[in-house]
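Going left to right, the sequence shown walks through residues 38 to 559 as our numbering numbers them.
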Amino acid sequence: MSDISTDSGIAVKPVYHADDAGASQPDPGKYPYTRGVYPTMYRGRLWTMRQYAGFASARESNTRYRYLLEKGQTGLSVAFDLPTQLGLDSDDPRAEGEVGKVGVAIDSLEDMAILFESIPLDKVTTSMTINAPAAVLLLLYELVAERQGVAPELLGGTIQNDILKEYAARGTYIYPPRPSMRLITDTFAYCQQHIPKWNTISISGYHIREAGATAAQEIAFTLSDGIAYVDAAVKAGLPVDEFAPRLSFFFVSNPNFLEEVAKFRAARRMWAQIMKERFGAKKDASMMLRFHTQTSGASLTAQQPLNNVVRTTIEALAAVLGGTQSLHTNGFDEALSLPTQDAATLALRTQQIIGYESGVAATADPLAGSYVVEALTNAVEAKAWELIEQIDEMGGAVPAIEQGWVQSQIADSAYAFQQRIESGEQVLVGVNRFADAQATTVPLFAPNETVAAEQTAALARLRAERDNSAVSAALAALRQAAQGDENVLYPMRAALKQLATIGEVCGVLREVWGEYRPEVRL
């Protein structure tokens, strides 16, 4: 039999024995949390079923959110369009052709209020996939809650707010790395004082892996980014045990089932060790790696799209057996379009069947003691530590990204994977093997093509009706704060409350801090 390896290049043996697995781990809920962050895991409460959604206008996305909540979803997850992710208003020339296309268009507090209309923000938790303007969207959420009469200390949710992976793998950055790090630590400090239940960052391996990284690279680069954020916050004067319990993580789940389960277990163990030994954390909550998982968009195929239901189910089960705290399952049609309502419902039902019918939620860490899972956990961890040591030698994640080292590692892995697909060594069912001559057709989502015009008209009304002198004064105060060293979230909140737009707020910071332009590498 030919050699078989995982995506990380770990050789898989034909048979595993007790000696391969190594020593047993402490129970779930105990350091180093290899077996889970809570003692009983899903026996007490299932993971949060948090389906990612957002498209076109705030009104249309609000309709989808309320539909998903009615169908049994237990948390919201907001997808923003590219202009919003880049801090641009919908009427900015640079936004042309992208308004409302891959997420919802949000330009001001008025849009945000519509997005969460009739959704009680003290009763749901909300995750927002937003990075460079994360602080802006968080403050808009807080202001919407204020309009609803909900106190900020009752708000629960997460902003992604992970800018380092944008430079390394995704590309929706605005400012250079160092002022971006300041914005993140300012957010940590603001939330500690005002929104204490909020997860201030979701340190993301998802996009790193989707860009082509291996499982070991995914957790190594993600945890290195986490080290950089913790280090920056400590240097800014924040006590580690005051902000660390609100850090969270975001990983992908790929079809390579056994390695994915092992990856999640290894990541928990590594983060606990990092926080305890490197940063001297004392609170248990500071050492717990709590994470959201999304099934792999990159694994979905346009060919034979119904096969994606099976891929997503395998990936979701790996996330659950790996101990995730919340989960998004992709629609089977997402290689072709945004998910239709039927595809989104089936994706949610996939989670519900795993949670309520499969029996895997009845005990914590069901695969503990499996010789192969324990051995793979150790092997993935060892490879990830090697990479973290290399990053440490470069001075940490920020210099490693600035030097292009992380990007080149990901690119090399992506190239190697693509070569395996093209050679047929890596089988993709329905693509390079078992392909059908006749294409499978499924209904596709039809986006609203009038949203850009609607947003532009709404912006014109907003600017005509608001107190523009108050907006100008608030933006001037934000500029002064950005030029100095005070926390920029306070003047930012004041400007947003006066109905300054996202583009105007981010524009002030662009003027002061500049924009990031990556070095072109050939």
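We put the beta carbon where it would ideally sit given N, CA and C, even for glycine. If you're wondering where the values come from, they're calculated on a predicted model, not measured in any experiment.
Neighbourhood of residue i by C-beta distance below 6 angstroms, restricted to the same chain and skipping five residues each side
| i | result |
| --- | --- |
| Met38 | Here the model assigns Met38 a pLDDT of 45, short of 50, so the residue's position is not dependable, and the following value carries that caveat. Result list for Met38: empty, nothing under 6 angstroms. |
| Arg96 | Ile151 |
| Val464 | Arg470 |
| Ala270 | Thr222, Phe225, Phe280 |
| Ala372 | Leu337, Thr338, Ala339 |
| Gly544 | none |
| Val187 | Leu158, Asp159 |
| Ala58 | Tyr408, Glu411, Ala412 |
| Val115 | Gly91, Met165 |
| Gln62 | Thr71, Arg72 |
| Met218 | Ala269 |
| Arg348 | Pro292, Ser336 |
Proximity winner among the options, relative to residue i (alpha-carbon distances)
| i | options | result |
| --- | --- | --- |
| Leu424 | Glu255, Gly551, Arg554, Tyr266 | Glu255 |
| Thr350 | Ala58, Thr387, Thr361 | Thr387 |
| Ala381 | Phe482, Ala416, Ala48 | Phe482 |
| Asp473 | Asp429, Gln340, Gly540 | Gln340 |
| Thr121 | Glu183, Ser145, Ala399, Gly359 | Ser145 |
| Ile539 | Tyr553, Arg554, Arg500, Arg302 | Arg500 |
| Ala60 | Phe454, Ser506, Gly406, Tyr553 | Gly406 |
| Ala356 | Ile391, Ser290, Asp126, Tyr266 | Ser290 |
| Asn485 | Gly140, Ile41, Val52, Asp64 | Gly140 |
| Pro555 | Asp504, Leu526, Gln440, Ala507 | Gln440 |
| Tyr102 | Ser155, Ala434, Gly360 | Ser155 |
| Glu147 | Glu541, Glu523, Ala495 | Ala495 |
| Gly274 | Pro233, Ala248, Arg246, Gln229 | Gln229 |
Straight-line Cα distance separating residue j from residue i
| i | j | result |
| --- | --- | --- |
| Met149 | Ser333 | 28 angstroms |
| Ala132 | Gly91 | 17 angstroms |
| Thr338 | Ile264 | 35 angstroms |
| Asp118 | Leu404 | 39 angstroms |
| Arg498 | Ala93 | 19 angstroms |
| Ala447 | Glu418 | A quick correction: the sequence has Ile, not Ala, at residue 447. Taking the straight line joining both Cα atoms gives about 18 angstroms. |
| Phe225 | Gly467 | 46 angstroms |
| Asn99 | Phe153 | 6 angstroms |
| Glu502 | Ile211 | 29 angstroms |
| Lys493 | Ser509 | Going by the sequence as given, residue 493 is Thr instead of Lys. Distance between the alpha carbons of Thr493 and Ser509: 20 angstroms. |
| Val479 | Tyr104 | 22 angstroms |
| Leu383 | Gly368 | 7 angstroms |
| Tyr70 | Arg87 | 23 angstroms |
| Leu194 | Arg283 | The sequence shown places Gly at residue 194, rather than the Leu named in the question. Roughly 10 angstroms separates the two Cα atoms. |
| Ser363 | Thr77 | 16 angstroms |
| Arg306 | Ala451 | 27 angstroms |
| Gly66 | Thr414 | 18 angstroms |
| Tyr260 | Asp268 | A quick correction: the sequence has Leu, not Tyr, at residue 260. Approximately 12 angstroms between the Cα atoms of the pair. |
| Lys50 | Ala421 | 20 angstroms |
| Tyr79 | Ala318 | 26 angstroms |
| Val173 | Leu180 | 11 angstroms |
| Asn344 | Ile167 | 30 angstroms |
| Ala513 | Pro189 | 26 angstroms |
| Ala171 | Leu177 | 10 angstroms |
| Ala248 | Leu125 | 25 angstroms |
| Ile391 | Thr400 | 13 angstroms |
Cβ shell of residue i (< 7 angstroms), same chain only, five flanking positions each side left out
| i | result |
| --- | --- |
| Ala511 | Pro528, Ala531, Ala532, Gln535, Ala537 |
| Ala250 | Phe258, Ile447, Ser450 |
| Pro216 | Trp550 |
| Ile45 | What sits at residue 45 in the sequence shown is Ser, not Ile. So the qualifying residues of the chain are Thr251, Ala252, Ala253, Glu296, Val417, Lys420. |
Residue-chain proximity (residue i, chain C), Cβ-Cβ < 9 angstroms
| i | result |
| --- | --- |
| Leu496 | Considering every chain present, this structure includes no chain C. It has just one protein chain. |
Residues bridged to residue i (per DSSP)
| i | result |
| --- | --- |
| His329 | Phe287, Ser363 |
| Tyr89 | Ser114 |
| Ile238 | Leu284 |
| Gly193 | Thr162 |
| Ala48 | Ser42 |
| Arg457 | Arg457 is not bridged to any residue. |
| Val417 | For Val417, which the question treats as bridged, DSSP gives no partner whatsoever. |
| Val346 | The partner list for Val346 (beta bridge, DSSP) is empty, contrary to what the question assumes. |
| Val466 | Arg470 |
| Val141 | Ala93, Phe117 |
Cutoff 8 angstroms; reference residue i; Cβ partners in own chain excluding five residues on either side
| i | result |
| --- | --- |
| Glu459 | Asn469 |
| Gln310 | Pro69 |
| Phe286 | Ser239, Ile240, Ser241, Gly242, Thr259, Gly263, Ala304, Trp308, Leu326, Arg327, Phe328, His329 |
| Ala48 | Asp40, Ile41, Ser42 |
Requested in this report: Report yes or no: do the region 193–211 and the region 229–240 share at least 3 C-beta pairs separated by less than 8 angstroms?
Outcome: yes
Query raised in the report: Taking three-plus beta-carbon pairs below 8 angstroms as touching, is the region 545–557 in contact with the region 512–525?
Result: yes
Query raised in the report: Are the region 268–283 and the region 319–334 touching by the rule of at least three beta carbon pairs closer than 8 angstroms?
Result: yes
Report task. Determine, using beta-carbon pairs with one atom in the region 302–315 and one in the region 368–385, whether at least three such pairs fall under 8 angstroms. Result -> no
Query raised in the report: Looking at C-beta atoms only, is the number of pairs between the region 432–446 and the region 202–218 that lie closer than 8 angstroms three or more?
Result: yes
Report task. Would you check if the region 156–174 and the region 105–118 touch, i.e. whether three or more CB-CB distances between them fall below 8 angstroms? Result -> yes
Query raised in the report: Counting pairs of Cβ atoms below 8 angstroms between the region 135–143 and the region 479–496, do you hit three or more?
Result: yes
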